[in-house]
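**Q**
Numbering (the UniProt record's numbering), first residue to last: 1 to 139.
#1: Taking the alpha-carbon positions, what's the residue 12 to residue 27 distance?
#2: For the putative contact between residue 51 and residue 43, defined by C-beta atoms under 8 Å, what is the C-beta separation to the nearest angstrom?
#3: Is the beta carbon of residue 30 sitting closer than 9 Å to the one on residue 53?
#4: For the beta strand (DSSP E) containing residue 13, list its first residue and its last residue.
#5: Going by DSSP in three states, residue 75 sits in which element: helix, strand or coil?
#6: When we look at the beta-carbon of residue 6 and count the other beta-carbons within 10 Å, is it buried (16 or more) or exposed?
#7: Mapping the DSSP letters down to three states, classify residue 27 as helix, strand or coil.
#8: Within this structure, are the beta carbons of residue 98 and residue 135 separated by less than 9 Å?
#9: Kindly list the residues whose CB is nearer than 8 Å to the CB of residue 10, restricted to its own chain and excluding five residues on each side of it in sequence; keep chain order.
#10: Alpha carbon to alpha carbon, how far is residue 25 from residue 38?
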């Protein structure tokens with residue numbers, strides 16, 4: 001952002017998607033958009049965009065957590081949207097981390113020219129879950 005003395009108090013909500021925000025960009029955004037709630041979303045096109053949401057800054061709160069900072073080699077992506085079901089298919093090396101799987105009414109029916117199944121998961125019992133291609137954990 002270009003640093004100016006101008007602020008935009010009429011903006012009430014900002015939603016970031018497509019990648020995380022750096023600490024510097026988060027700070028600059030909060031300083032320029034003083035009245036805006038700043039949120040971040042994790043998602044994918046196959047699931048109509050956003051799967052999870054996280055509030056990075058809420059101007060109505062008096063204390064703020066540093067959600068954007070990394071932990072355990074990853075980043076927190078917030079809570080799942082109410083219509084989204086998430087689960088982890090653990091890998092052989094860890095009982096906590098694994099493939100992020102999701103399902104819900106928002107998930108596409110399939111890829112053009114491929115079977116009509118939503119799933120690209122071959123493990124038994126997980127056929128109706130879409131594999132996001134990402135690795136994560138649920139806390």
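A virtual CB, placed ideally from N, CA and C, is assigned to each residue, including glycine. Here the structure is a predicted model, which is why all the values come from computation and not from measurement.
**A** In terms of the structure at hand:
#1: Residue mapping note: residue 12 aligns to position 12 of the chain shown, counting from 1. Residue mapping note: residue 27 aligns to position 27 of the chain shown, counting from 1. Residue 12 and residue 27: Cα-Cα distance of roughly 16 Å.
#2: Locating residue 51 in the chain shown gives position 51, counting from the first residue. Locating residue 43 in the chain shown gives position 43, counting from the first residue. That pair is a contact at about 5 Å.
#3: Counting from 1 along the chain shown, the entry for residue 30 is found at position 30. Counting from 1 along the chain shown, the entry for residue 53 is found at position 53. Their beta carbons are not under 9 Å apart, which means residue 30 does not touch residue 53 by this criterion.
#4: Here residue 13 refers to the residue found at position 13 of the chain shown. Where residue 13 is concerned, the enclosing beta strand (DSSP E) stretches over 13 to 16.
#5: For this step, residue 75 is matched to residue 75 along the chain shown. Residue 75: coil per DSSP, three-state reduction.
#6: Position 6 of the chain shown, counted from the first residue, corresponds to residue 6. Classification for residue 6: exposed.
#7: Translated into the one-based positions of the chain shown, residue 27 becomes position 27. Looking at residue 27 - three-state DSSP - the assignment turns out to be helix.
#8: The residue you call residue 98 lines up with position 98 of the chain shown. The residue you call residue 135 lines up with position 135 of the chain shown. Cβ atoms of residue 98 and residue 135: closer than 9 Å.
#9: Against the chain shown, residue 10 aligns to sequence position 10. Taken in chain order, the residues that qualify are 35.
#10: Residue 25 sits at position 25 when you count from the first residue of the chain shown. Residue 38 sits at position 38 when you count from the first residue of the chain shown. Distance between the alpha carbons of residue 25 and residue 38: 11 Å.
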